[in-house]
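Student:
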Amino acid sequence: MSLVYGDDSALDDRLEKALGDTRLSTTLQASRRHLLNFRAAVEVRHPDWAARVDRARAIRTSAVERAPELLDRFEEKVTARGGRVIRAATPDDAVRAVLEIARRRGVKVIAKGKTMISEEIELNHALETAGLTPVETDLGEWIVQLAGERPSHILAPVIHRSRSQIADVLAVHSGAPMDDDPVGLVTYSREALRSVFLEAEMGITGGNFLVADTGTVILLENEGNGRLASSLPRVHVVLAGLERVLETTADAAFMVEQLTLAAVGRELPAYVSWLSGPATDGDDGPEEFVVIVVDNGRSRVRESDEREILNCIRCGSCLTVCPVYSKVGGHAYGSVYGGPIGAVLTPLLTDMQPGLGRKLPFLSSLCGACTDACPVGIPLHDMLVRDRALANRAGAAGRSERAAWGAWARAWASPRLYRASARAGARSGPFARAFGPGAKWLDGRATLPLPSSKPFHRRWSDLEKGE
Amino acid sequence: MIDAFIAALEADGGTGVRVADIPAARAWVAELLGPDPTLCFWSGDPLVTALDPASLGSVTEPAEAGAGITGADYGVAATGTLVLTYGTGRWRTTGLLPDVHVAVLSADKIVATLEEAVAKVYSGEVPRAMTLVTGASATSDIEKIRVVGAHGPRQVAAVIVG
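Chains as they are written, first to last, in this note's numbering: chain A, 15 to 481; chain B, 6 to 167.
Listed below in structure tokens is the structure:
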């Protein structure tokens, strides 16, 4: 399973390593402050922000609810204009579809725009194995590809590297030393990648939204690589999860702004492409237009009680504001999707299978910052709690652990047993502090306070009696 | 609304100007391009061809040109956004490959909001491709520092006629 690239069993090691990287946490904290600042400015410009979130939530809930019907309509419209829609149930199906098109057209070089689905299905690896040359053209993604790494944030893939660490990667590419000035690094990349665009026979991009009424793929970006990848090569392939669907272009216009406001604090990114089929005669766009709609567990989630997670529009806000993500970064999660969205979504997509991300919902303090930041109002922290229960029921907690917590829950549901446990707790406090799990948890950093010999409920009833 | 469009475009690092007629538009574009520019343009847009762009510099392919002159279906006042749809003589690469993108549109094409522009474009036949252009190409991938001129034009200018 390529959605999860780091096994749960190595999670503690990854966290330990990430916590040792102070530069990483400094960068992520700055990014967190930046987002909180621009979000405050957005709420000043849009005093109706709460109403916007409600509208976005309603649009997405309705679209996810009716996804099968809307995708049929989307396919019908794209097909009528000479494009093609392929439904891929599994990552293998999606990879096979891309390879089939590449072979048929004799493709060698592929210009790729940013797409998380490509990471999810490990497309680059498959393309390289088949002897093709996929080149990531989003600046951050290109650096990550050259470094042999994985993106560590949905929107800012190379946020884990400093400018000098980026210069080191580009110096290897250019074969000459490279200054760490961002303008120079961007200029070098622009020139290096321009020749890739002119040479590529295939462009592959993601799709932020799929509009059912018109058969339109919507692509947001600031760099222009998505425009180039969808215009210059003779075939353009779009990879999108089936939950990307929206019903109308009016919904889409609103959601494009909502996504941009949440992600970067501006109303619109530099470019939004609305693509509805192959080029007509006399237009210089691609002659073949294929949209691969990927399931990979989404239909199962859509039919479950956790379907609201599919409302996500991948703005990346919940990652950036999360106190856990902003300490450990994206790689620690070991999933293509990190942060709160990844912690909820990953184990749902893998159906709570062992080793495949079901420990991730526990990487949260449940502070709710993610829920507050979400532009489509997903109750992420509630979903984290439900995911924990699902994970434990599926076996994430061992039998004895579940038995112990079960007994605790039953005991504390009874006033008599609750009082008895409070008395026992007060008497065993000193032992628990010295030897119990409390000692290990605190790791000598603080002293666990002793339980009071007079529990709160007794003190309260004494107070009520006027003592 | 036209002032709002220009203000929003300039806030995003673009340049906007309103001129009275075609000769004034032509003079403004000539000044922007400087002496002996290489350029490409939309031959399928009457407002663009009215500028007689071939007389402003040497015409070449978009991949070689320093500037690309396009029309625009609409301008969105709220965000300074140019709405471009493509077709015969209205190529995607004209406003994309050159370093400078100049868009010419008439004053009656400025609308208030994105939702309005989208509704107008999609009320007719669905265009094969539409691009919303808001400012210059940029990236913030390196330490969140914004650098202009990632893959697309480094400079965007809108000339509003009328």
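Just so it is clear, CB atoms sit at the ideal spot from N, CA and C, and this is done for glycine as well. Just so it is clear, the structure is predicted and the values come from calculations on it, not from any experiment.
Does any residue of chain A bring its CB to less than 9 Å from the CB of S60/B?
Tutor: Mapped onto the second sequence, residue 60/B falls at position 55. Chain A, which has no Cβ nearer than 9 Å to the Cβ of S60/B, makes this no.
Student: Output, in chain order, the set of chain B residues within a Cβ distance shorter than 7 Å of H48/A.
Tutor: The residue given as residue 48/A occupies position 34 in the first sequence. By Cβ distance, chain B contributes K149.
Student: Assign Q272/A to one of three DSSP states: helix, strand, or coil.
Tutor: Within the first sequence, residue 272/A is the residue found at index 258, counting from 1. It is helical.
Student: Quick one: measure Cβ to Cβ for T84/B and L119/B, integer angstroms, because I've assumed they're closer than 8 Å.
Tutor: Counting from 1 along the second sequence, the entry for residue 84/B is found at position 79. Counting from 1 along the second sequence, the entry for residue 119/B is found at position 114. 7 Å between Cβ atoms; contact.
Student: Pick out the complete beta strand (DSSP E) segments inside the region 110 to 158 of chain A, 3 residues or longer, and give them in chain order.
Tutor: Counting whole runs of 3 or more residues, the region 110 to 158 of chain A contains the beta strand (DSSP E) stretches 123 to 126 and 147 to 150.
Student: Can you tell me which of the three DSSP states V390/A falls into?
Tutor: For this step, residue 390/A is matched to residue 376 along the first sequence. Residue state, collapsed to three classes: coil.
Student: Would DSSP call I150/B helix, strand or coil?
Tutor: Taking the second sequence and counting its residues from 1, the one referred to as residue 150/B is at position 145. Coil.
Student: Would L101/B pass as an interface residue toward chain A - the criterion being a Cβ-Cβ separation below 9 Å?
Tutor: As a working note, residue 101/B is residue 96 in the second sequence. L101/B counts as touching chain A.
Student: How do the region 151 to 163 of chain A and the region 143 to 155 of chain B stand: do at least 3 beta-carbon pairs fall below 8 Å, yes or no?
Tutor: Verdict: yes, contact present.
Student: Is V22/B close to chain A? Criterion is C-beta to C-beta, closer than 9 Å.
Tutor: For the purposes of this step, residue 22/B is taken as residue 17 along the second sequence, with counting starting at 1. Cβ-Cβ to chain A under 9 Å: no for V22/B.
Student: Starting from the beta carbon of Y285/A, find every residue of chain B whose beta carbon is closer than 8 Å, and list them in chain order.
Tutor: What you label residue 285/A is simply residue 271 of the first sequence in a count that begins at 1. What Y285/A touches in chain B: T136, L137, V138, T139, S142 and G157.
Student: Give the straight-line distance between the Cα atoms of D113/B and D78/B, rounded to the nearest whole angstrom.
Tutor: Looking up residue 113/B in the second sequence gives position 108. Looking up residue 78/B in the second sequence gives position 73. The straight-line gap from Cα to Cα measures roughly 10 Å.
Student: Who are the near neighbours of A266/A in its chain, counting only those whose CB is closer than 7 Å to its CB and skipping five residues on each side?
Tutor: Residue mapping note: residue 266/A aligns to position 252 of the first sequence, counting from 1. Closer than 7 Å at Cβ, skipping near neighbours: F223, V225, I232 and L260.
Student: Do you know how far the Cα of S435/A is from the Cα of L169/A?
Tutor: The sequence position of residue 169/A within the first sequence is 155, counting from 1. The sequence position of residue 435/A within the first sequence is 421, counting from 1. Going from the Cα of L169/A to the Cα of S435/A covers about 49 Å.
Student: Mark R312/A as exposed unless 16 or more other C-beta atoms lie within 10 angstroms of its C-beta, in which case mark it buried.
Tutor: In the first sequence, residue 312/A corresponds to position 298, counting from 1. So R312/A ends up on the buried side.
Student: Do three or more CB pairs link the region 388 to 400 of chain A to the region 58 to 68 of chain A at distances below 8 Å?
Tutor: They touch, by the three-pair rule.
Student: Taking the CB atoms as reference points, tell me whether N18/A and G348/A lie closer together than 9 Å.
Tutor: Indexing the first sequence from 1 puts residue 18/A at position 4. Indexing the first sequence from 1 puts residue 348/A at position 334. Inspection of the sequence shows that residue 18/A is occupied by Val rather than by Asn. Going by C-beta atoms, V18/A is nearer than 9 Å to G348/A.
Student: Could you tell me which chain A residues have their CB closer than 7 Å to the CB of Y127/B, listed as they occur along the chain?
Tutor: Against the second sequence, residue 127/B aligns to sequence position 122. Here the neighbours are T228 and T263.
Student: Do you know offhand how far L477/A's Cα is from D27/A's?
Tutor: Residue numbering aside, residue 477/A sits at position 463 when the first sequence is read from its first letter. Residue numbering aside, residue 27/A sits at position 13 when the first sequence is read from its first letter. Cα to Cα, the separation comes out at about 49 Å.
Student: Kindly list the residues whose CB is nearer than 6 Å to the CB of H345/A, restricted to its own chain and excluding five residues on each side of it in sequence; keep chain order.
Tutor: Here residue 345/A refers to the residue found at position 331 of the first sequence. S166, listed in sequence order.
Student: Measure the alpha-carbon distance for E89/A versus A408/A and round it to whole angstroms.
Tutor: The count along the first sequence starts at 1 and reaches residue 89/A at position 75. The count along the first sequence starts at 1 and reaches residue 408/A at position 394. Distance between the alpha carbons of E89/A and A408/A: 37 Å.
Student: If you follow the alpha helix (DSSP H) that Q1/A is in, where does it begin and where does it stop?
Tutor: Residue 1/A lies beyond the stretch modelled for chain A, which goes from 15 to 481, so this question has no answer here.
Student: Give me the Cα-Cα distance between C45/B and T90/B, rounded to the nearest whole angstrom.
Tutor: Here residue 45/B refers to the residue found at position 40 of the second sequence. Here residue 90/B refers to the residue found at position 85 of the second sequence. Roughly 17 Å separates the two Cα atoms.
Student: What do you reckon, are the CB atoms on V172/A and T219/A nearer than 9 Å?
Tutor: As a working mapping, residue 172/A is identified with position 158 in the first sequence. As a working mapping, residue 219/A is identified with position 205 in the first sequence. The answer is no: Cβ separation not under 9 Å.
Student: Which chain A residues sit within Cβ distance under 8 Å of G94/B?
Tutor: Counting from one through the second sequence, the residue named residue 94/B turns up at place 89. G296, listed in chain order.
Student: Quick one: Cα of R482/A to Cα of S318/A, how far?
Tutor: Chain A is shown from 15 up to 481; residue 482/A falls before or after that span and cannot be answered.
Student: Locate the beta strand (DSSP E) running through C45/B, then write down its first and last residues.
Tutor: Numbered from its first residue, the second sequence carries residue 45/B at position 40. C45/B -> beta strand (DSSP E) spans T43 to F46.
Student: Mind listing the chain A neighbours of V152/B? Cutoff is C-beta to C-beta under 7 Å, in chain order.
Tutor: Translated into positions along the second sequence, residue 152/B becomes position 147. Those within 7 Å of V152/B in chain A are P196, V197 and V200.
Student: Check whether the Cβ atoms of V149/A and A116/A sit closer than 9 Å, and answer yes or no.
Tutor: Locating residue 149/A in the first sequence gives position 135, where the first residue counts as 1. Locating residue 116/A in the first sequence gives position 102, where the first residue counts as 1. Result no, Cβ atoms of V149/A and A116/A do not sit closer than 9 Å.
Student: Whole-angstrom Cβ separation of T98/B and D298/A, contact assumed at under 8 Å?
Tutor: For the purposes of this step, residue 98/B is taken as residue 93 along the second sequence, with counting starting at 1. For the purposes of this step, residue 298/A is taken as residue 284 along the first sequence, with counting starting at 1. Right, their Cβ atoms sit about 6 Å apart.
Student: Just checking: is the beta-carbon of L38/B within a distance shorter than 9 Å of some beta-carbon in chain A?
Tutor: The count along the second sequence starts at 1 and reaches residue 38/B at position 33. Answer no: the Cβ-Cβ gap between L38/B and chain A never drops below 9 Å.
Student: Bridge partners of V92/A, per DSSP?
Tutor: Here residue 92/A is taken as the residue at index 78 of the first sequence, counted from 1. None; V92/A has no bridge partner.
Student: Going by the beta-carbon positions, is the gap between R53/A and A276/A smaller than 9 Å?
Tutor: The count along the first sequence starts at 1 and reaches residue 53/A at position 39. The count along the first sequence starts at 1 and reaches residue 276/A at position 262. Going by C-beta atoms, R53/A is nearer than 9 Å to A276/A.
Student: Runs of 3 residues minimum, wholly inside the region 67 to 137 of chain B: which ones carry the beta strand (DSSP E) assignment?
Tutor: Listed in chain order, the complete beta strand (DSSP E) runs (minimum 3 residues) inside the region 67 to 137 of chain B are 72 to 76, 79 to 81, 86 to 90 and 105 to 111.
Student: Over the uninterrupted beta strand (DSSP E) stretch that includes L363/A, give me the two end residues.
Tutor: As a position in the first sequence, residue 363/A is number 349, starting the count at 1. Where L363/A is concerned, there is no enclosing beta strand (DSSP E), although the alpha helix (DSSP H) it sits in stretches over G353 to L363.
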